[in-house]
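*Asks:* Everything in the sequence shown is counted per this note's numbering, starting at 1 for the first residue and increasing by one.
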Amino acid sequence: MRHLGHRLIVLLAGGIGQPYVTTDYAAVQRALELEADALLLAKHGADGVYDHDPRTHPGAVRYASLSHQEALTQDVRVMDIAAEQHLTMHVFDAAATGAMRAICQGRDIGTRITGRSPQERQV
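(1) Tell me where the alpha helix (DSSP H) around A99 begins and ends.
(2) Thinking C-beta only, is A60 closer than 9 angstroms to D47?
(3) Applying the 10 Å Cβ sphere with the 16-neighbour rule, what's the burial state of R2?
(4) Mind checking which residues open and close the alpha helix (DSSP H) that includes T22?
(5) Do the segment 31-44 and the segment 84-98 meet, that is, are 3 or more Cβ pairs less than 8 angstroms apart?
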């Protein structure tokens, strides 16, 4: 919290050590507790969210941005559905050099999944 108070970027890694709880859920839980602006989801071999699995569908299209509602409506699996709490997320390839910096600078990297406002979350 002290680092966040100094407006520094803080990286958290790891789960919460509880059985039957995914690492997705732990990441969202910590991000919400810290009132994070966004959650960066570094994926292995995936540079974003697609309309179909690009490994099995050569014509799959990557979404530049997507809302949580659109993901649910279109049955696009971003992460553990129990973990999705309408927090803004950025999905990108973990191997992409400089991707985290570029996302923090506002560049269009991977897929941005837009969250809802705090007022909408309470509904």
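Don't be surprised by glycine CBs; every beta carbon is placed ideally from N, CA and C.
*Replies:* According to the structure data:
(1) 99-104
(2) no
(3) exposed
(4) Run containing T22: none; DSSP gives neither H nor E here.
(5) yes
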